[in-house]
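**Q** Numbering of the sequence shown is given in this note's numbering, commencing with residue 28 and proceeding in unit increments. Built from N, CA and C at the ideal position, the CB exists for glycine as well. Mind looking over this structure? Questions follow.
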Amino acid sequence: MTGCRESGNPSDSRIQRIYEYLDGVLSHSDIEDVQGHLNECEECSAEYDLECIIRSVVRRSCTEKAPDSLKSKIMVRISEIRAESSH
28 MTGCRESGNP SDSRIQRIYE YLDGVLSHSD IEDVQGHLNE CEECSAEYDL ECIIRSVVRR
88 SCTEKAPDSL KSKIMVRISE IRAESSH
């Protein structure tokens with residue numbers, strides 16, 4: 028993974044390698060290759076950082092629970108809609 032500086036932006040294949048790196052599906056030598064490239068390439072390093080942030084936000088949002096008050100309001104509204112539709 029070299030040469031991102033020529034185009035100014037990482038190519039789709041380089042971004043795919045970053046995803047594979049984050050997903051843990053690369054061989055040991057490929058991991059070293061990607062790590063070395065990320066240390067040398069600002070553009071790919073920025074893409075890596077952004078993807079880490081996105082994954083963190085998604086992971087956090089999947090574990091957050093809705094407040095009980097919101098759940099109660101939703102259940103009340105569902106009951107109201109059911110009652111309205113049965114008339």
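Is the number of C-beta pairs between the segment 64-84 and the segment 99-113 that are closer than 8 Å three or more?
**A** Cβ pair count under 8 Å is below three, so no.
**Q** For HIS114, does the three-state DSSP call read helix, strand or coil?
**A** It is coil, neither helix nor strand.
**Q** Taking just the CA atoms, how far does HIS55 sit from SER99?
**A** Rounded to the nearest angstrom, the two C-alpha atoms are 50 Å apart.
**Q** Excluding the 5 residues preceding and the 5 following LEU53 in the sequence, name in chain order all residues of the same chain whose CB lies nearer than 6 Å to its CB.
**A** GLU47.
**Q** How big is the Cα-Cα spacing for ASP95 and CYS89?
**A** Rounded to the nearest angstrom, the two C-alpha atoms are 17 Å apart.
**Q** Please look up how many angstroms separate the CB atoms of ILE45 and GLU69, rounded, as I've assumed it's under 8 Å.
**A** Between GLU69 and ILE45 the Cβ distance is about 13 Å, and since that is not below 8 Å, they are no contact.
**Q** Could you give the residue range of the alpha helix (DSSP H) that holds ALA93?
**A** It is not in any alpha helix (DSSP H) - ALA93 carries neither H nor E in the DSSP assignment.
**Q** What is the DSSP secondary structure of LEU53, reduced to helix, strand or coil?
**A** Residue state, collapsed to three classes: coil.
**Q** SER38 to GLN62, Cα distance in whole Å?
**A** SER38 and GLN62: Cα-Cα distance of roughly 17 Å.
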